[in-house]
Every structure is written in C-alpha cells, then in structure tokens.
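In this text, residue positions in the sequence shown follow full-length UniProt numbering: the first is 1, and each later residue adds one. Each residue gets a CB set at the ideal place from its N, CA and C atoms; glycine is no exception. Everything numeric in this text was worked out from a predicted model, so none of it was measured. Here the structure comes first, spelled out in structure tokens, and everything after it is commentary.
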Amino acid sequence: MAFIQTSPYKGLEKYVMTKLFSRTFASVPEDAKIDREVSEKICLLQTFLKPEHLDIPAVLHNEASWLLAEKELQKINTFKAPQASPTLQGQTDPTPTRMHDKEEDTSGGSNYPYMDAEAGELTVGDVERLLSLYKDVVTKYTSLYKAVRHLSMYKTENLVPHSEGTSFLLTQPEGTNTKIDHQREN
Numbered sequence: 001m002a003f004i005q006t007s008p009y010k011g012l013e014k015y016v017m018t019k020l021f022s023r024t025f026a027s028v029p030e031d032a033k034i035d036r037e038v039s040e041k042i043c044l045l046q047t048f049l050k051p052e053h054l055d056i057p058a059v060l061h062n063e064a065s066w067l068l069a070e071k072e073l074q075k076i077n078t079f080k081a082p083q084a085s086p087t088l089q090g091q092t093d094p095t096p097t098r099m100h101d102k103e104e105d106t107s108g109g110s111n112y113p114y115m116d117a118e119a120g121e122l123t124v125g126d127v128e129r130l131l132s133l134y135k136d137v138v139t140k141y142t143s144l145y146k147a148v149r150h151l152s153m154y155k156t157e158n159l160v161p162h163s164e165g166t167s168f169l170l171t172q173p174e175g176t177n178t179k180i181d182h183q184r185e186n
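What follows is the structure, given as structure tokens:
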C-alpha cells in the first residue's frame, strides 16, 4: 500500500512546484544583465577567432559543421526542462510483493525491494523475476569479462626494440596458436 500513500504526495509536490516554478527558478535582472554581457563578449570573440587559431585539426575546419554545432547549442540553451517527467509517472513494480503491504520506511529505506524480504514473503512471480535478473547479470558479466580479457591480451603484447633499432611485436611461443585458443574459449 506504499504506492497509494506516495501518490498523493507526488501529486501535491507536482502541484506546488507548478505554482512555484516561475518564482523558484526565475532569473534575476542582474543575471540577465550578466548573460547579455557574456553573450556580447562571445560575439566579439567570434568576429576574429577562427578554427585555425585553435588546436583543431584541419579536417574539422568545416564552416558548415561549426554552424550546425552553434544551432544545436542554441537549441539546448532555449530548451525548457519539464516540470514533471511524464515518462516516470505511474511506473510501478510489475510484480508487487507482500513486502509492499508493510509500511514503507521513509527515513532512508532501501531502493532494492527484495533486499529486506524474507524467503516466505516472495511470490512465485518474484522468484521468476529474480531468476531472470540473475541470468541477465551473469550474461552481462560474462560478456564484460571476455571483453576485458580480450583487451588485456593485446596490452601484454608490448613493443620490444629490435637489436637493429626497429621494433616488432612479441611473438607467441612455438606450439601455441592464440586464434585457435581464443576460438576454444568461446
């Protein structure tokens, strides 16, 4: 019943923030003046500062890409943040447990609903969900482990100076084939 108890609070919070948003996040006239001054200084810099003056590769000196980037930055600056995110409203746990019947600890309770659960409190749906999540975690961990191991193999192939001043990669000991060994691991 914790969901029912928190819904009115969320509604009240949304209502209060809707009413106070313009006052809470309003810009002060001093801030507007400073913003105008900074914008004027940036415009002055843009009149003589070119990509050639900066440490930007010649490939990126394309004027069209600079104009596109400027337009994107202007879009970001004019974007108004939503006062309430509609995508997160109404999201609930698809498999509520009997734990939710207990009063929720608002003094800093766990974000993980199964952490405080006893074995007898879990339903079959909860166990199925936990098993599914466990399988996902193991799959992702295994993939990550293989990727890190694969990368670490390349890091161990150091460049060693050759006696004539050139360098070459370390070769594998005779009788080992990393391509075949790698295929066996997968």
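Using the three-state DSSP reduction, which class does residue 203 fall into: helix, strand or coil?
The chain is shown only over 1 to 186; residue 203 falls outside these bounds and no answer can be derived.
If I'm right that residue 51 touches residue 60 with Cβ under 8 Å, what's the distance once you round it to whole angstroms?
Residue 51 to residue 60, Cβ: 7 Å. Contact.
Please tell me whether residue 130 and residue 141 are closer than 8 Å, where the distance is taken between their beta carbons.
The answer is no: Cβ separation not under 8 Å.
In angstroms with no decimal places, state the Cα-to-Cα distance between residue 68 and residue 34.
So the two alpha carbons sit approximately 26 Å from each other.
Which value, in whole angstroms, describes the spacing of the CA atoms of residue 17 and residue 78?
Roughly 21 Å between the two C-alpha positions.
Residue 8 to residue 19, Cα distance in whole Å?
When rounded, the distance between both Cα atoms is 17 Å.
Go ahead and pull the three-state DSSP assignment for residue 62.
Coil.
Count the other CB atoms, across all protein chains shown, that sit within 10 Å of the CB of residue 31; report buried if there are 16 or more and exposed otherwise.
By the neighbour-count rule (16 or more Cβ atoms within 10 Å), residue 31 is not buried but exposed.
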